[in-house]
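Visitor: One structure coming up, written as structure tokens, with questions to follow.
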Amino acid sequence: EAQVTQNPRYLITVTGKKLTVTCSQNMNHEYMSWYRQDPGLGLRQIYYSMNVEVTDKGDVPEGYKVSRKEKRNFPLILESPSPNQTSLYFCASARGGGAYEQYFGPGTRLTVT
Amino acid sequence: AQKITQTQPGMFVQEKEAVTLDCTYDTSDQSYGLFWYKQPSSGEMIFLIYQGSYDEQNATEGRYSLNFQKARKSANLVISASQLGDSAMYFCAMTGINDYKLSFGAGTTVTVRA
Chain R
264 EAQVTQNPRY LITVTGKKLT VTCSQNMNHE YMSWYRQDPG LGLRQIYYSM NVEVTDKGDV
324 PEGYKVSRKE KRNFPLILES PSPNQTSLYF CASARGGGAY EQYFGPGTRL TVT
Chain E
8 AQKITQTQPG MFVQEKEAVT LDCTYDTSDQ SYGLFWYKQP SSGEMIFLIY QGSYDEQNAT
68 EGRYSLNFQK ARKSANLVIS ASQLGDSAMY FCAMTGINDY KLSFGAGTTV TVRA
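Top to bottom, those sequences are chains R and E. Per this note's numbering, the first sequence runs over residues 264 to 376. Per this note's numbering, the second sequence runs over residues 8 to 121.
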């Protein structure tokens with residue numbers, strides 16, 4: 264089954280404790296992206312990757328890091344989480360940028376206390 | 008920079024009726040794409056429909072159609088014959104055709120009444 268998986272689905276952590284949210288896709292997509300969803304703001308793009316070893320900032324990259332060492336994986340790293348990073352996070356992948364529809368993972372609910 | 012505006016935070020619609028969700032956008036790109044996604048209460052994001060800025064006809068996908076008015080910079084989603092399962096949040100999004108960024112609106116919550 265074609266899918267995007269994220270782990271963990273739910274995470275409660277404390278301020279400053281480094282964490283990684285994993286994202287993996289099995290569709291051989293070149294493009295992958297991370298979004299955060301907050302009430303009243305819709306989804307905002309954090310980082311995206313056009314291919315292996317090629318990443319770029321979205322609209323809200325501060326406090327986040329990403330890497331794309333393999334085509335299928337695109338982890339999101341929070342080196343020192345803060346409460347304002349409490350949010351619902353989505354990973355997505357697509358065949359390419361532009362007109363291609365994005366396939367979303369199930370989401371990761373992160374709470375930073 | 009691209010900006011998407013969805014002015015309707017929430018809407019109620021009677022089952023079997025049609026509903027129109029508004030979306031206006033602002034961009035300096037000549038070529039761009041517009042998407043609509045559905046997010047049910049379970050949380051997943053589901054792709055509904057896509058419209059390219061140079062497509063001559065409005066996009067349709069089953070009960071979903073996109074009323075694209077380029078001069079007015081609007082891309083409204085029309086859901087015909089609403090069903091209870093259409094109750095969800097709906098997001099309008101856009102990207103430049105040669106771009107890798109995707110910008111979303113704030114969303115509209117639709118509640119279908121029996």
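For each residue, glycine too, the CB sits at the ideal point set by N, CA and C.
With burial defined as no fewer than 16 other Cβ atoms inside 10 Å of the residue's Cβ, what is the status of E:Met52: buried or exposed?
Guide: buried
Visitor: Measure the Cβ-Cβ separation of R:Gln311 and R:Asp322 and say whether it is below 7 angstroms.
Guide: Note on identity: in this sequence residue 311 of chain R is Tyr, with Gln being the wrong assignment. Their beta carbons are not under 7 angstroms apart, which means R:Tyr311 does not touch R:Asp322 by this criterion.
Visitor: Check whether chain R comes within 7 angstroms of E:Ile56, counting only Cβ atoms and requiring the distance to be less than that.
Guide: no
Visitor: Could you tell me whether the Cβ atoms of R:Gln269 and R:Gly368 are closer together than 7 angstroms?
Guide: Result yes, Cβ atoms of R:Gln269 and R:Gly368 sit closer than 7 angstroms.
Visitor: Assign E:Asp29 to one of three DSSP states: helix, strand, or coil.
Guide: Note: E:Asp29 maps to coil in three-state DSSP.
Visitor: For chain R, is any of its Cβ atoms less than 7 angstroms away from the one on E:Gly40?
Guide: yes
Visitor: If you measure from the beta carbon of R:Phe337 to each beta carbon in chain E, is any gap under 7 angstroms?
Guide: False, the Cβ-Cβ gap to chain E never drops below 7 angstroms.
Visitor: Are three or more beta carbon pairs between the region 266 to 283 of chain R and the region 337 to 357 of chain R nearer than 8 angstroms?
Guide: yes
Visitor: Apart from the five residues on each side of it in sequence, which residues of its chain come closer than 7 angstroms, Cβ to Cβ, to E:Leu91?
Guide: Around E:Leu91: Glu22, Val119, Ala121.
Visitor: Excluding the 5 residues preceding and the 5 following E:Val26 in the sequence, name in chain order all residues of the same chain whose CB lies nearer than 7 angstroms to its CB.
Guide: Taken in chain order, the residues that qualify are Met18, Val20, Ile86, Ser89, Val117.
Visitor: In chain R, what lies closer than 8 angstroms to E:Glu51 by C-beta?
Guide: Phe367, Pro369, Gly370
Visitor: Output the distance between the C-alpha atoms of E:Thr14 and E:Ala82, rounded to the nearest integer angstrom.
Guide: 13 angstroms
Visitor: Of all Cβ atoms in chain R, is any one closer than 7 angstroms to the Cβ of E:Asn65?
Guide: no
Visitor: Relative to the C-alpha of E:Ile56, which candidate in E:Ser38, E:Tyr97, E:Ser35 has its C-alpha closest?
Guide: E:Tyr97
Visitor: Would you call the CB atoms of E:Phe42 and R:Leu306 closer than 7 angstroms?
Guide: no
Visitor: Please identify the residue among E:Gly50, E:Ser94, E:Lys108, E:Gln64 whose C-alpha is closest to the C-alpha of E:Leu28.
Guide: E:Ser94
Visitor: I need the straight-line Cα distance from R:Ala355 to E:Lys10, nearest angstrom please.
Guide: 20 angstroms
Visitor: Counting only beta-carbon atoms, is E:Gly112 nearer than 7 angstroms to chain R?
Guide: yes
Visitor: Which term fits E:Thr67, buried or exposed, when burial requires 16 or more other beta carbons within 10 angstroms of its beta carbon?
Guide: exposed
Visitor: Give the secondary structure of E:Asp93 by DSSP, where H, G and I count as helix, E and B as strand, and everything else as coil.
Guide: helix
Visitor: Quick one: does R:Met313 have its CB under 7 angstroms from some CB of chain E?
Guide: yes
Visitor: Could you tell me the alpha carbon to alpha carbon distance between E:Ala113 and R:Glu333, rounded to whole angstroms?
Guide: C-alpha separation (whole angstroms): 32 angstroms.
Visitor: Rounded to a whole number of angstroms, what is the C-alpha to C-alpha distance between R:Tyr294 and R:Met313?
Guide: 5 angstroms
Visitor: In three-state DSSP terms, what is E:Gln64?
Guide: Here E:Gln64 sits in coil by DSSP.
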